[in-house]
Every structure is written in C-alpha cells, then in structure tokens.
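Okay, so the sequence shown: first residue is 93 according to this note's numbering, each after it adds one. Notes to accompany the following structure.
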Amino acid sequence: MTNKQILLKSRPVGEPKESDFALVETPIPEPGEGEVCNRTIYLSLDPYMRGRMSDRESYAAPAELGSVMVGSTVSQVIKSNHPNFSVGDFVLGYDGWQSYGVAKGETLRKLDPNQAPISYALGVLGMPGMTAYCALLDIGQPKAGETVVVSAASGAVGSVVGQIAKIKGCRAVGVAGSDAKCDYVVKELGFDACINRKTQDFHTQLKAACPNGIDVYYDNTAGPILEAVLQQINLGTRIPLVGLISQYNAESAPPGPNLMPILVKRALIKGFLVGDYQHRQPDFLSDVSQWLHSGKLKYKEDIVEGLENAPKAFIGLLQGENFGKLIVKVSDDPTRPGK
Ligand code: NAP
Ligand code: FER
C-alpha cells in the first residue's frame with residue numbers, strides 16, 4: 093500500500109488544467125510523537141484552493157510548487173501517538189489531497205458519526221456552513237420581511253445562506269448557474285425565487301424577483317451579478333463580501349475597481365449622507381469650534397471675488413484649481429473690512 097498524493101506541479105494560467113497537478117505515490121507516513129496517521133475518507137474541494145495555486149499576494153501564502161495540495165479532510169485514524177485519539181476514530185483535519193496524512197493531534201477534531209454524516213464536517217457543519225452563518229447574521233443582519241439575495245445559491249455556502257434567511261423570516265432570492273440548479277434552490281431548499289445568472293435578461297428577472305428591492309446581498313461572486321444587484325439595493329442594504337469566484341481564474345484584474353482587497357483586509361465600505369447625521373450637530377459644532385479656537389484645526393479658504401466669476405471658479409473646482417474651500421465673495425463682508 094502506498095500513499096497517493098496530488099502535488100501542485102505548475103501555477104495555472106487562467107483555468108487550472110490537469111497538467112498543473114501531478115499524482116505521485118509515496119510510502120505511507122509514520123506518525124511522530126503526539127501525531128496521528130489518518131486514512132483520508134473525504135477531501136473537501138473549495139474555491140479558495142485556486143488562490144493557493146497562484147503566487148499572487150493574498151490573505152494566505154501560496155502553495156509551493158511540488159507540495160501536496162492543501163485541503164480539509166475527514167479521515168479515520170489508523171495509528172495514534174496521541175492520547176486523545178484511538179485507531180478507528182473519525183477526525184476532521186487538514187491533510188490535503190492525499191490518501192494518508194500525518195497530523196498533530198491538536199489540529200484534529202474528533203467526529204461522532206451518530207451525530208451527523210461525517211462528511212458534513214466539510215460542508216454544512218464545517219467551514220462553508222460557518223461562513224454562511226456568520227457573514228449572513230453578523231454582517232448581513234437580516235430582519236424579517238427583508239429580501240436577501242445570494243449568489244452561488246446552490247453551493248456549499250449559498251444554499252445555507254438562503255435557508256437561514258428563510259428561517260429568519262426573509263424573502264430569499266438565489267442566483268445560480270443553470271435552470272436545474274435554480275429549480276433545486278426553489279423547490280428543494282425553499283427559496284422564494286432563483287435566477288439563472290446566464291439568462292439574457294438577468295437584470296429584469298432579478299428585479300421581478302425582488303419587488304421590494306434588495307436589503308442584503310450575500311456576495312459569493314462579485315463581477316456582473318454584483319453589478320446588477322447594486323442597481324437594485326435599498327437604503328441601508330448590507331453586503332457581506334464573502335467570495336469573488338467570478339475572478340479567481342482571471343489572468344488580469346477585472347475592469348473597474350478590484351474589490352479583493354476589501355475582503356482580504358476586512359475593510360468596510362458604507363454609503364454616507366450627511367443629512368442622516370443631524371443628531372450629531374451639537375457635538376460637531378462644539379468640538380470643531382473649540383479645535384479652531386485652540387489652533388488644533390487649520391482652515392484655508394480660496395475666495396473668488398465677484399459673482400460673475402462663479403461659473404469659471406466652479407469649472408475650476410472640478411479641475412482642481414481651487415486651493416482650500418472655494419467660496420465666492422459676492423459683496424462686502426462688514427465683519428472683515430478690507431478683506
Ligand atoms: P460553491 O458555491 O459550492 O461552488 C462554487 C460555485 O461558484 C459554482 O458552483 C458556481 O455556481 C459559482 N461560480 C463559478 N464561477 C462563477 C462565475 N464566473 N460567476 C459567478 N459564479 C460562479 O462554493 P462554496 O465553497 O460555497 O464557495 C462560495 C464562495 O464563498 C466562493 O467565492 C468562496 O471563495 C467563498 N468563501 C469565502 C469564505 C471566506 O471566509 N471569505 C469562506 C468560504 C467560502 P453557479 O454556476 O451556480 O453560479
Ligand atoms: C474561501 C475560503 C476560506 C475564501 C476565504 C477563506 C475568499 C478564508 C478563510 C480564512 O482565512 O479565515 O473560499 O475565499
């Protein structure tokens with residue numbers, strides 16, 4: 093018996109090809125002190141793996157060429173040098189694309205096959221399920237009666253997102269890549285609607301499915317779906333940016349701003365209208381007046397003389413010709429004579 097391993101042979105250009113991987117056979121590894129040897133039963137395949145295959149800077153270091161492809165695994169212990177694990181135990185680990193793996197006991201989670209099918213630890217009861225739950229509830233903050241749209245709706249993350257949205261009393265609208273997937277999302281998972289992202293009139297269909305606009309968009313894809321959704325968002329919509337799979341195979345950055353750094357840096361983009369902040373005016377006036385008086389805050393005015401010069405000054409403003417706050421002096425200011 094040997095250990096079959098799949099290595100990263102070359103960094104894909106665009107879509108990964110089979111020739112980017114290499115299958116090798118090696119001896120079954122021996123566990124060291126505190127380690128466990130596992131026979132892999134299930135290996136999870138996840139979109140993030142595409143990122144590891146590239147050497148672009150990201151939230152995680154790239155996989156080295158010639159290394160075993162990484163991935164979460166559900167396995168059975170075949171040898172144990174760790175007190176918490178016995179031969180026959182089922183464990184969730186990160187052994188990668190190989191038929192046997194050795195891991196430190198501390199990195200493994202024991203699974204109880206009587207609680208749930210052991211493979212669920214790679215999906216609904218594992219990282220994808222947790223992604224769905226946390227980003228929807230903590231960032232999306234869905235409220236009963238609101239409309240939640242999710243892309244990649246039939247997938248590991250999206251399928252859970254829409255169903256939790258329903259549990260929370262929301263209208264759940266999926267976006268998926270085929271009519272068969274959409275059928276499943278509506279008929280089996282209980283979403284209210286699902287739009288095939290490949291249909292010509294995607295925009296119109298999305299609008300019809302979201303008559304009250306969109307309150308939460310759980311974004312697994314970015315790209316054209318995000319673009320269409322943004323045309324239909326409501327005041328105060330929340331958008332957990334969770335995945336950008338539409339660009340994982342891209343050879344160059346997408347047109348327009350690349351949102352990947354927003355995800356990687358957990359940045360917050362939130363729309364702002366000053367009119368929403370009237371309640372802050374007393375604090376604002378008190379703080380800023382004080383800072384001006386004490387010299388902590390400096391202020392520069394660019395004063396243009398004469399109303400007739402307003403158009404030219406305004407055009408200049410849009411070209412950066414003002415230097416400081418542009419105002420037009422239309423007539424004398426008796427409080428500042430000679431100025
Ligand atoms: P999944 O949805 O089970 O599978 C991926 C799906 O992405 C495909 O089935 C396909 O569905 C869709 N897709 C592929 N290419 C696309 C394109 N060009 N445009 C639009 N959709 C495309 O995978 P998953 O594991 O649940 O992951 C979903 C997303 O969540 C991924 O973006 C992943 O990176 C992200 N994620 C993020 C985190 C995090 O911590 N930020 C954690 C887990 C997962 P359709 O053809 O049906 O659209
Ligand atoms: C993904 C799976 C996991 C992904 C990111 C992660 C952007 C990040 C996990 C972490 O580091 O916490 O598909 O896509």
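Backbone N, C-alpha and C define an ideal beta-carbon position, used for all residues, glycine too. Since we're looking at a predicted model, the values are computed, not measured.
_Range covered by the beta strand (DSSP E) that runs through Ala-114_ = Residue mapping note: residue 114 aligns to position 22 of the sequence shown, counting from 1. Unbroken beta strand (DSSP E) run through Ala-114: 113-118.
*Quick one: grab the DSSP three-state call for Asp-375.*
As a first step, residue 375 is located in the sequence shown; it is residue number 283 there, counting from the start. It is helical.
*What's the C-alpha gap between Val-241 and Met-161?*
On the sequence shown, position 149 is the one that residue 241 refers to. On the sequence shown, position 69 is the one that residue 161 refers to. C-alpha separation (whole angstroms): 33 Å.
*Tell me, please, whether the segment 127-144 touches the segment 155-173 by the rule of three or more beta-carbon pairs shorter than 8 Å.*
yes
*Between which two residues does the beta strand (DSSP E) harbouring Lys-171 extend?*
One-based indexing of the sequence shown puts residue 171 at position 79. From DSSP, the beta strand (DSSP E) with Lys-171 extends over 165-172.
*Thinking C-alpha only, which one of Ser-423, Ser-344, Gly-269 is nearest Glu-397?*
What you label residue 397 is simply residue 305 of the sequence shown in a count that begins at 1. That would be Ser-423, whose Cα lies nearest to the Cα of Glu-397.
*Pair every Cβ in the segment 242-256 with every Cβ in the segment 267-283, then say whether three or more of these pairs are closer than 8 Å.*
yes
*What's the gap between the Cα of Glu-393 and the Cα of Arg-144?*
By one-based count along the sequence shown, residue 393 stands at place 301. By one-based count along the sequence shown, residue 144 stands at place 52. C-alpha separation (whole angstroms): 51 Å.
*Given that a residue counts as buried once 16 or more other Cβ atoms are within 10 Å of its Cβ, and exposed if not, what is Pro-332?*
As a first step, residue 332 is located in the sequence shown; it is residue number 240 there, counting from the start. By the neighbour-count rule (16 or more Cβ atoms within 10 Å), Pro-332 is buried.
*Return the residue from the list Ser-102, Arg-201, Cys-226, Gln-292 that minimises the CA-CA distance to Pro-154.*
Position 62 of the sequence shown, counted from the first residue, corresponds to residue 154. Closest by alpha carbon: Ser-102.
*In angstroms with no decimal places, state the Cα-to-Cα distance between Cys-226 and Leu-409.*
Start at 1 with the first residue of the sequence shown, and residue 226 comes out as number 134. Start at 1 with the first residue of the sequence shown, and residue 409 comes out as number 317. When rounded, the distance between both Cα atoms is 44 Å.
*How do the segment 110-128 and the segment 196-211 stand: do at least 3 beta-carbon pairs fall below 8 Å, yes or no?*
yes
*Rounded Cβ spacing between Thr-132 and Ser-167 (contact assumed at less than 8 Å)*: Within the sequence shown, numbered from 1, the residue matching residue 132 stands at position 40. Within the sequence shown, numbered from 1, the residue matching residue 167 stands at position 75. Thr-132 to Ser-167, Cβ: 5 Å. Contact.
_Asn-288 vs Asp-271 beta-carbon contact at 8 Å_ = Within the sequence shown, residue 288 is the residue found at index 196, counting from 1. Within the sequence shown, residue 271 is the residue found at index 179, counting from 1. Yes. Within cutoff.
*Are three or more beta carbon pairs between the segment 336-348 and the segment 366-384 nearer than 8 Å?*
no
*What's the C-alpha gap between Ala-257 and Gln-190?*
Residue mapping note: residue 257 aligns to position 165 of the sequence shown, counting from 1. Residue mapping note: residue 190 aligns to position 98 of the sequence shown, counting from 1. Cα-Cα distance, rounded: 36 Å.
*By DSSP, does Cys-262 sit in helix, in strand, or in coil?*
One-based indexing of the sequence shown puts residue 262 at position 170. Three-state result, Cys-262: coil.
*What's the C-alpha gap between Ala-213 and Asn-95?*
For this step, residue 213 is matched to residue 121 along the sequence shown. For this step, residue 95 is matched to residue 3 along the sequence shown. Using only the alpha carbons, I get a separation of about 23 Å.
*Can you tell me the Cα-Cα spacing of Ser-85 and Gly-215, whole angstroms?*
No answer is possible for residue 85: the residues shown for the chain start at 93 and end at 431.
*Taking the alpha helix (DSSP H) that Thr-296 falls in, what are its first and last residues?*
Translated into positions along the sequence shown, residue 296 becomes position 204. Per DSSP, Thr-296 belongs to the alpha helix (DSSP H) from 294-301.
*Specify whether the segment 316-324 and the segment 107-123 touch according to this definition: at least 3 beta carbon pairs, one from each stretch, less than 8 Å apart.*
no
*With burial defined as no fewer than 16 other Cβ atoms inside 10 Å of the residue's Cβ, what is the status of Thr-291: buried or exposed?*
Counting from 1 along the sequence shown, the entry for residue 291 is found at position 199. Classification for Thr-291: exposed.
_Proximity below 8 Å, CB of Phe-283 to CB of Gly-254_ = Position 191 of the sequence shown holds residue 283. Position 162 of the sequence shown holds residue 254. Yes, Cβ-Cβ distance for Phe-283 and Gly-254 is below 8 Å.
*Give the C-beta separation of Arg-330 and Val-308 to the nearest angstrom, bearing in mind that I take them to be a contact with Cβ-Cβ under 8 Å.*
Position 238 of the sequence shown, counted from the first residue, corresponds to residue 330. Position 216 of the sequence shown, counted from the first residue, corresponds to residue 308. Arg-330 to Val-308, Cβ: 5 Å. Contact.
*asked:* Taking the alpha helix (DSSP H) that Arg-144 belongs to, which residues open and close that run?
replied: The sequence position of residue 144 within the sequence shown is 52, counting from 1. Where Arg-144 is concerned, the enclosing alpha helix (DSSP H) stretches over 140-145.
*Does the ligand NAP have a heavy atom nearer than 7 Å to the CB of Thr-291?*
Within the sequence shown, residue 291 is the residue found at index 199, counting from 1. No, since every heavy atom of the ligand NAP falls outside the 7 Å radius drawn around the Cβ of Thr-291.
_In chain order, what are the residue ranges of uninterrupted beta strand (DSSP E) at least 3 long that sit wholly in the segment 149-218?_
165-172, 182-185, 192-196, 201-203
_Using a Cβ-based criterion (distance less than 7 Å to any ligand heavy atom), does Asn-130 qualify as near the ligand NAP?_
If you number the sequence shown from 1, residue 130 lands on position 38. Because no heavy atom of the ligand NAP lies under 7 Å away, the Cβ of Asn-130 does not count as near it: no.
*When the Cα of Glu-122 is compared with those of Ala-152, Asp-112, Asp-181, Ile-170, which residue comes out closest?*
As a working note, residue 122 is residue 30 in the sequence shown. Out of Ala-152, Asp-112, Asp-181, Ile-170, Ile-170 has the C-alpha closest to the C-alpha of Glu-122.
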